[in-house]
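Undergrad: Below is one structure. I have some questions about it.
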Ligand code: HEA
Ligand code: HEA
Ligand code: CUA
Ligand SMILES: [Cu+2]
């Protein structure tokens, strides 16, 4: 589909990036496979916490592949990574805190505890 | 810069203090901010999933995991095409860039069409609306916001695509506008009518019935596609080139981000429900 | 430049004179300067009357000591630097600039950080223990705590005595209900479960305990204990709409024996006054309601006599009035039904099972009406019934609530028209009736 | 072929001549109405922000004076309950979103590009867009006031839900009228404006620094602008989403905060304060920046502990994200959460204290010249310290149960917001006034206003601590005479009048100086940073030569190394001239068109479900078509904007450094 360098006239200065075509294709395949595994995993009869952990890890792996390869963080200045992770970490931390705050049932008197799911 | 005028280093811009191009920095900062947007939305959704009010909709009875898995796959592949578009333009290949942009848009439209179908299905078949349960409220708002992001992405890609035809000689505003309109109409028809229709056909609706009941929008869409092809005839030299790689890359960052948000949503909102 | 500095002195002198003049004017003008910081109002958090409020005040004082200490030290250094390093001459003002100072002084910085942390720890420790102490009744006393549920309405409070179940006329039972005045035994921990039926309110009795919010869809509670019998002011402390400022309530703490007596009386259905009972009651001690002579007579609050000793006033009000006009009371009772007051108010044993407004079964024995806004004298009650909108803008008795129509009802043109119309005689009858409900 | 050609045309400068690709001709007027409306010059944008902000500061102050007048005596009937609630809501909203934030934005615009040695911000048109979106939001928020005068505008008056709009009071059930919808969308617009502006400043500060200007040489103010911008882009999304949820609840029947549908109002509180607490540092960090500029200048000494001051600013910003629930100590969070947030809150005192100590360190051993900006800056340290202490008292959660929603809180935050933020802003206005208007403000009257403000402020707010401890709840429209609050309130109100007089004096003197002030040169204060190296008022291109930075106090360094600098400057001018001269971006209509489209769209969106009535006749069943029309204008404007391109032209300097515009094309 691509092989772009070849379409150029020889006069064009050839200081191009090396094509990442194959890397991208491979990563896309990995992503597709992981997605498949995720869907299957949900239906496999394994202990719940293990599945949850696996799902969280797998989606994290997909996440990292996309940002570091498709979004070139790997090849960019470190600062871009830091910048993005500031947002990511704060968002993650806020989410974590919110889920815990709502999980806590301390608002109720100790004599009448109604168990709520703690995330 | 002058002696190597034709060499463009895509990871370094010597006119800025850090070497990161301004646009790239802007987008990364925005994406950091967007993390908080989605963080808040996902928090809202999960908080109410974990503390559901009585009478809440039951997600697994509503969801259609096959369709969603397929959409997820499509979105991932659109990300691939986007990455290839950037790859192409960084190597000065405008034609391939166009193909990849169109492909990305097309996959984006399939995803959106899937969502249009999904929402319609949930509302009419599963009777879960935005307002009749808290789950509906948080679910539609979260995935709807994501869908809006995808739609904006399609729009940006469309603008980028049309821009690659901007003649080097200047002018061409009205052409550009008409071209853009054709792209927008084609995309609109694809995701509002065509893709949902196809999904219904896959689930067993009649083709003839679908074609006849949506004849008008489908023919408008077809006309728009033809117009697109017509506009895309290469007639003169264009201004767009390797120097615009940063523009494509910027839209690409946004597109990939939308993809990774979906990766999270897919796990947190859909898959975990099935446990 | 030197000119500027002398101008500066002039300004300084001017400012000092100004402050002095200002305070002089204030002190001589109203001769109340000593009261400017009089801090023992009925809602003062400084005059604590229970262990929860006391622990909170003690913690507050810890923060005051620590920050005052810091203020004195830091302030002294700052003031010293400001005075000592003033530019003293023209040349000084244009002194050469020293080279970049670099990284400050790491020892000083670290020392100050360590010092700050140490001082914060002094505050943090009692804070932590306070959080757990104020959270719930201490383990040891939990057994004899009483449980009450307080529910916030725009703009009044309902109290349910969860342990005091009363048979309902139609079978079943329900908790004893009162409105706007919470009576509790002194020396006994009280746990108040906080609910709301509309927006967020907050339950605050400054002298007994800090506030806890009444959150929709969130069961909160607060506990307090009154050290001794007394009359305490409470206040809604979360903005809850138009009349938030006058969403108040009262807590009356009684000795154990008094409390039992009060409870027994509350459980009685509404008192019925007939000519016979009125004659029979003549032998009992009676109250004479205080009369008000405030400016326009329509201000808020109580009379000076009431304010001076509210608990005694409250005790008095438990007794029937000196002269009771049985026929007027009967007329009032009829009006209460005819004018549809019953659709919103309950008078247990008489007519009415409305739950949209406060329970009025023993309204005559309450010291305040309209959620603590007015003292419960005939004049005040009259004024309230006559023009509730004046005292509580937006209130639901006037505007209607929960499908019940109040003084106004909607017309078909999108506006409102009067629904309940009362003349002064009718109101007098209603007042007589309501005040007979001891 | 096409791509090869496109490529070979690329020269690396990005100024390839191309015929314009635009609908409206690009405006070129530099002055007059069109000049201001289409400007992309960061200085003009800054002035517009500043002008609007001061106007709203006076309006917010007027609202405060009405509040204080109502409270002057017990049982006062001067103002109705409804109006009072509107007043404090609008006072809080106005002061925070329409006065202090845009004043800070004004200084970001005026100073940041110059302090980093740049010609403009990174995205000049985006910058103009932020401004006009802000104007849209401000208009939307205040439109309700008019409905008191024009009853046929059925807006139900100004918003009356309190500045943090706790649900479920914002539900259609409890505030059915439109005022709340305007509040929701108004705040949303202001947030959008701030996010866009902040992204711009982040890029500007990180990427547009002059050669030699490392991050560790950046002026502290610019550093604080950077931290603040980060706080904005990271905090605003939380409230943006929460506002969307409220809007959906009100218009589309969702149940996010609808109690009957299972919604939990406490979630709004969390989301609001996830934004709201960082917000208070958004308000105070730039003021800390001004003070860090002013103190060294008037102590004639570099800032003490520069890296530590920077680092503590970053730390404050970061910790600030983890303390939001200290506004919710009374909502029944539970013991553990309460304890965690109490401790985290106390932790903030440490970096804040570090700043204070370093400011004192800067004074120490200096030559303190108490000009007016310095007096305000010193006032800031004193007053902010007091406000911080009452903050620490709040952080002690059980004690806060007695203070929350009482006048003690009012006292706390006015000490940090007025004694802190406003004092520093007044210092900054006075300090940079000569730079941007070329005239001095008379010292004497400046000092008079300082003392009036200082005394008035303390008279107003110091008694409020005691009112709060004496049980006076905030948002109290009326109070009884027997509560022991009479004298405190009387005193506070008199103080407020005095404060108002001081504020009036302050701005009156500014107006006078604008016309009649003594003319000044580049550097009237003998200051330290780059903005003082250029003429007052600065020319459009800011610098004749892009400066080369060698030290933290770049301008102090230049003043002592004039020869070296002159040589570099000549070289830089030459290099730039070789590139075609100084590039100035073109003005544009699209930012303001997009902004006004947004105003039109959101104005109608707020009334979505209501019929459109004109001259007594119903013309449309709902406002939806108008809302869509407005949003279409926005989309169209953005489209044309992107086609138009940044454009720009070159100017060349003659021997005296005066600009001549290039005879060439605008492109
Ligand atoms: C500019 C704005 C600003 C700033 C800077 C602050 C700073 C702080 N604030 Fe404040 N705050 C507000 C604006 C601000 N606040 C507003 C607007 C509200 C009310 C919102 C509403 O309800 O409407 C509020 C409310 C508020 C509350 C909630 C009160 C309640 O509703 O019950 C709390 C509780 O913890 C709090 C705490 C603090 C603390 C600990 C700091 C700290 O950052 C202060 C740190 C500073 C110092 C401590 C002084 C200097 C330090 C030293 C000299 C070092 C040594 C000191 C020690 C070791 C103690 N604030
Ligand atoms: C930066 C923020 C800021 C600033 C500067 C101020 C400034 C002032 N505030 Fe503010 N205030 C808040 C933020 C701020 N406030 C917030 C967030 C709230 C909470 C709101 C809520 O509860 O929802 C609040 C609440 C609040 C209350 C509590 C209301 C209540 O709870 O019932 C009070 C009461 O005294 C008050 C008083 C004042 C006063 C006297 C000033 C003075 O400093 C004002 C000084 C300025 C002037 C006096 C203007 C002078 C100008 C003229 C005289 C000319 C006028 C001319 C024209 C308009 C053309 N404020
Ligand atoms: Cu209830 Cu305020
Ligand atoms: Cu805070």
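Residue numbers (the working numbering), protein chains in the order written: chain S, 39 to 157; chain B, 249 to 523; chain R, 941 to 1378; chain V, 746 to 1412. Ideal Cβ placement from N, Cα and C applies to all residues, glycine included. None of the values given here were measured: they were computed from a predicted structure.
Where in the stretch 1155-1207 of chain R do unbroken runs of the beta strand (DSSP E), each at least 3 residues long, occur, reported from the N-terminal end onward?
TA: Segments of the beta strand (DSSP E) lying fully in the stretch 1155-1207 of chain R: 1160-1164, 1170-1176, 1188-1194.
Undergrad: Cα separation between residue 1012 of chain V and residue 1375 of chain V?
TA: Residue mapping note: residue 1012 of chain V aligns to position 267 of the fourth chain, counting from 1. Residue mapping note: residue 1375 of chain V aligns to position 630 of the fourth chain, counting from 1. Approximately 32 Å, taken between the alpha carbons.
Undergrad: For the candidate residues B:418, B:372, B:469, B:365, whose alpha-carbon lies nearest to that of residue 485 of chain B?
TA: Here residue 485 of chain B is taken as the residue at index 237 of the second chain, counted from 1. Nearest of B:418, B:372, B:469, B:365 to residue 485 of chain B, Cα basis: B:418.
Undergrad: Residue 262 of chain B versus chain S: which residues are under 9 Å apart at the beta carbon?
TA: Reading the second chain from its first residue, position 14 is the one you call residue 262 of chain B. In chain order: nothing, as chain S lies at least about 13 Å away.
Undergrad: Please report the distance separating the alpha-carbon of residue 1231 of chain R from that of residue 1306 of chain R.
TA: Within the third chain, residue 1231 of chain R is the residue found at index 291, counting from 1. Within the third chain, residue 1306 of chain R is the residue found at index 366, counting from 1. Because residue 1231 of chain R carries a pLDDT of 41, less than 50, the predicted location of this residue cannot be relied on, and no value is offered for it.
Undergrad: Measuring only the C-alpha atoms, how far is residue 107 of chain S from residue 273 of chain B?
TA: Here residue 107 of chain S refers to the residue found at position 69 of the first chain. Here residue 273 of chain B refers to the residue found at position 25 of the second chain. Cα-Cα distance, rounded: 17 Å.
Undergrad: Would you decide whether residue 478 of chain B is buried or exposed? Buried here means 16 or more other CB atoms lie within 10 Å of its CB.
TA: On the second chain, residue 478 of chain B is found 230 positions in, with the first residue counted as 1. Residue 478 of chain B comes out exposed.
Undergrad: Whole-angstrom Cβ separation of residue 981 of chain V and residue 1020 of chain V, contact assumed at under 8 Å?
TA: For the purposes of this step, residue 981 of chain V is identified with residue 236 of the fourth chain, where counting begins at 1. For the purposes of this step, residue 1020 of chain V is identified with residue 275 of the fourth chain, where counting begins at 1. Indeed, because the Cβ distance is near 6 Å, the residues count as touching under 8 Å.
Undergrad: How should residue 1002 of chain V be labelled, buried or exposed, when 16 other C-beta atoms within 10 angstroms of its C-beta is the threshold for buried?
TA: In the fourth chain, the residue the question calls residue 1002 of chain V occupies position 257. So residue 1002 of chain V counts as buried.
Undergrad: Classify residue 385 of chain B as buried or exposed, calling it buried when 16 or more other Cβ atoms lie within 10 Å of its own Cβ.
TA: The residue labelled residue 385 of chain B in the question sits at position 137 within the second chain. The residue is buried, with at least 16 neighbouring Cβ atoms inside 10 Å.
Undergrad: Within the present structure, is the beta-carbon of residue 1187 of chain R separated from the nearest heavy atom of ligand 3 by less than 6 Å?
TA: Along the third chain, one-based indexing puts residue 1187 of chain R at 247. Yes, since a heavy atom of ligand 3 falls inside the 6 Å radius drawn around the Cβ of residue 1187 of chain R.
Undergrad: Please classify residue 747 of chain V: is it buried, with 16 or more other beta-carbons within 10 angstroms of its beta-carbon, or exposed?
TA: What you label residue 747 of chain V is simply residue 2 of the fourth chain in a count that begins at 1. Low confidence applies here, because residue 747 of chain V scores a pLDDT of 33, under 50, leaving its location unreliable and the question unanswered by this model.
Undergrad: Run through chain S and tell me which residues come within less than 8 Å of residue 1015 of chain V, C-beta to C-beta.
TA: Taking the first residue of the fourth chain as position 1, residue 1015 of chain V is located at position 270. In chain order: 136, 139.
Undergrad: Could you give the first and the last residue of the continuous beta strand (DSSP E) run that contains residue 1363 of chain V?
TA: Start at 1 with the first residue of the fourth chain, and residue 1363 of chain V comes out as number 618. Run containing residue 1363 of chain V: 1362-1365, per the beta strand (DSSP E) assignment.
Undergrad: Using a Cβ-Cβ distance under 7 Å, would residue 277 of chain B count as near chain V?
TA: As a position in the second chain, residue 277 of chain B is number 29, starting the count at 1. Closer than 7 Å: yes.
Undergrad: Give the secondary structure of residue 998 of chain V by DSSP, where H, G and I count as helix, E and B as strand, and everything else as coil.
TA: As a working note, residue 998 of chain V is residue 253 in the fourth chain. Of the three classes helix, strand and coil, the one that applies to residue 998 of chain V here is coil, per DSSP.
Undergrad: Taking a contact to mean a Cβ-Cβ separation below 7 Å, would you say residue 926 of chain V touches residue 1351 of chain V in this structure?
TA: As a first step, residue 926 of chain V must be located in the fourth chain, where it is residue number 181. As a first step, residue 1351 of chain V must be located in the fourth chain, where it is residue number 606. Going by C-beta atoms, residue 926 of chain V is nearer than 7 Å to residue 1351 of chain V.
Undergrad: In the DSSP assignment, find the unbroken alpha helix (DSSP H) run with residue 1052 of chain V in it and report its ends.
TA: Here residue 1052 of chain V refers to the residue found at position 307 of the fourth chain. Residues 1051-1064.
Undergrad: Quick check for students: name the residue ranges of the beta strand (DSSP E) that lie wholly in the stretch 1309-1358 of chain V, counting only runs of 3 or more.
TA: List check, beta strand (DSSP E) in window: 1327-1329.
Undergrad: If we ignore side chains and look at the alpha-carbon of each, how far apart do residue 1116 of chain V and residue 1128 of chain V end up?
TA: Counting from 1 along the fourth chain, the entry for residue 1116 of chain V is found at position 371. Counting from 1 along the fourth chain, the entry for residue 1128 of chain V is found at position 383. Computed Cα separation, rounded: 18 Å.
Undergrad: Which residues in chain S sit within 7 Å of residue 508 of chain B, going by Cβ to Cβ distance?
TA: As a position in the second chain, residue 508 of chain B is number 260, starting the count at 1. Residues of chain S passing the Cβ test: 101, 104, 105.
Undergrad: Exposed or buried, which one is residue 932 of chain V when buried takes at least 16 other CB atoms within 10 Å?
TA: As a working mapping, residue 932 of chain V is identified with position 187 in the fourth chain. So residue 932 of chain V ends up on the buried side.
Undergrad: Three-state secondary structure (DSSP) at residue 966 of chain V?
TA: Reading the fourth chain from its first residue, position 221 is the one you call residue 966 of chain V. Helix.
Undergrad: Measuring alpha carbon to alpha carbon, tell me which of V:811, V:1309, V:1212 ends up nearest residue 824 of chain V.
TA: Translated into the one-based positions of the fourth chain, residue 824 of chain V becomes position 79. If we check each option's Cα against that of residue 824 of chain V, V:811 comes out closest.
Undergrad: Closer than 8 Å by beta-carbon distance: list the chain D residues that pair up with residue 111 of chain S, in chain order.
TA: Among the protein chains in the structure shown, which are S, B, R and V, there is no chain D.
Undergrad: Checking the sheet assignment: what are the DSSP bridge partners for residue 1124 of chain R?
TA: Translated into positions along the third chain, residue 1124 of chain R becomes position 184. In DSSP, residue 1124 of chain R forms a bridge with R:1193.
Undergrad: Cα separation between residue 1249 of chain V and residue 1302 of chain R?
TA: Position 504 of the fourth chain holds residue 1249 of chain V. Position 362 of the third chain holds residue 1302 of chain R. Rounded to the nearest angstrom, the two C-alpha atoms are 56 Å apart.
Undergrad: Whose Cβ in chain S lies nearer than 7 Å to the Cβ of residue 447 of chain B?
TA: Residue 447 of chain B sits at position 199 when you count from the first residue of the second chain. Here the premise fails: no neighbours, minimum Cβ distance about 18 Å.
Undergrad: Rounded to the nearest angstrom, what separates residue 1107 of chain R and residue 1124 of chain R at their Cα positions?
TA: The residue given as residue 1107 of chain R occupies position 167 in the third chain. The residue given as residue 1124 of chain R occupies position 184 in the third chain. Computed Cα separation, rounded: 22 Å.
Undergrad: Distance check for residue 891 of chain V and residue 1009 of chain R, CA to CA, integer angstroms please.
TA: The residue you call residue 1009 of chain R lines up with position 69 of the third chain. The residue you call residue 891 of chain V lines up with position 146 of the fourth chain. Near 50 Å, if we compare the C-alpha coordinates of residue 891 of chain V and residue 1009 of chain R.
Undergrad: Can you tell me whether residue 394 of chain B sits near ligand 4, meaning its C-beta is under 6 Å from at least one heavy atom of the ligand?
TA: Translated into the one-based positions of the second chain, residue 394 of chain B becomes position 146. No, the beta carbon of residue 394 of chain B sits no closer than 6 Å to any heavy atom of ligand 4.
Undergrad: Nearest chain R C-beta to residue 1293 of chain V closer than 7 Å, yes or no?
TA: As a working mapping, residue 1293 of chain V is identified with position 548 in the fourth chain. Not closer than 7 Å to any Cβ of chain R, the Cβ of residue 1293 of chain V fails to qualify, so no.
Undergrad: Does the beta carbon of residue 285 of chain B come closer than 7 Å to any beta carbon on chain V?
TA: Taking the second chain and counting its residues from 1, one reaches residue 285 of chain B at position 37. Yes, because at least one Cβ of chain V sits closer than 7 Å to the Cβ of residue 285 of chain B.
Undergrad: Using C-beta distances below 8 Å, list every residue in its chain close to residue 1264 of chain R, excluding the 5 sequence neighbours before and after it, in chain order.
TA: Position 324 of the third chain, counted from the first residue, corresponds to residue 1264 of chain R. Taken in chain order, the residues that qualify are 1213, 1218, 1221, 1372, 1376.
Undergrad: Would residue 72 of chain S pass as an interface residue toward chain B - the criterion being a Cβ-Cβ separation below 7 Å?
TA: By one-based count along the first chain, residue 72 of chain S stands at place 34. It does not; no Cβ of chain B falls within 7 Å.
Undergrad: Should residue 1434 of chain V be labelled buried (16 or more other beta-carbon atoms within 10 Å of its own) or exposed?
TA: Nothing about residue 1434 of chain V can be read from this structure; chain V reaches only from 746 to 1412.
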